[in-house]
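Asker:
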Amino acid sequence: MTSEPETIEVRMQRVSCDGSGHGIPAALGHPKVWLEIDESGYVDCGYCDRRFVLVGGPAQSAAKPAAITKK
0 MTSEPETIEV RMQRVSCDGS GHGIPAALGH PKVWLEIDES GYVDCGYCDR RFVLVGGPAQ
60 SAAKPAAITK K
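Take the sequence shown: its position 26, counted from the start at 1, is 25 in numbering that gives the first Met the number 0, and no numbers get skipped.
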């Protein structure tokens with residue numbers, strides 16, 4: 000059974016990832032890479048599969064369930 004990749008909300012379109020965090024030191028991560036979020040509103044790290052989602056972007060609004068309106 001696999002768990003879903005970690006999703007991180009960010010406020011900048013250019014982000015870096017080195018695989019560290021949540022108890023993983025940088026020395027045990029992966030080489031630092033710079034990633035650019037495009038019009039989709041997200042980008043996935045090719046090393047660790049973390050997903051970086053732009054706050055207020057199309058991917059963030061699509062990930063949240065639509066509001067239920069009563070008639």
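Heads up, the beta-carbon is just placed ideally off N, CA and C, and yes, glycines get one too.
#1: Going straight from the alpha carbon of Ile23 to that of Thr6, what length do you get?
#2: Is DSSP giving Ser92 helix, strand or coil here?
#3: For Leu53, is the classification buried or exposed, using 16 other Cβ atoms within 10 angstroms of its Cβ as the cut-off for buried?
#4: Can you check whether the CB of Glu35 is closer than 7 Å to the CB of Ala13?
#5: Within its chain, find whatever has a CB closer than 6 Å to the CB of Phe51; leave out the 5 residues flanking it on each side and keep chain order.
#6: Determine the contact status of Ala26 and Gly40, defining contact as a CB-CB distance below 7 Å.
Answerer: Short version:
#1: As a first step, residue 23 is located in the sequence shown; it is residue number 24 there, counting from the start. As a first step, residue 6 is located in the sequence shown; it is residue number 7 there, counting from the start. Per the coordinates, the alpha-carbon of Ile23 lies some 16 Å from the alpha-carbon of Thr6.
#2: This structure does not reach residue 92, given that the chain is present from 0 up to 70, and the question cannot be answered.
#3: Here the question's residue 53 lines up with position 54 in the sequence shown. Leu53 is buried by the Cβ-count criterion.
#4: Counted from its first residue, the sequence shown places residue 13 at position 14. Counted from its first residue, the sequence shown places residue 35 at position 36. It should be noted that the sequence gives Arg, not Ala, for residue 13. For Arg13 and Glu35, yes; Cβs fall inside 7 Å.
#5: Along the sequence shown, read from residue 1 onward, the residue named residue 51 stands at position 52. The answer, listed in chain order, is Ile7, Val9, Val14 and Val42.
#6: Counting from one through the sequence shown, the residue named residue 26 turns up at place 27. Counting from one through the sequence shown, the residue named residue 40 turns up at place 41. No, they are not a contact pair.
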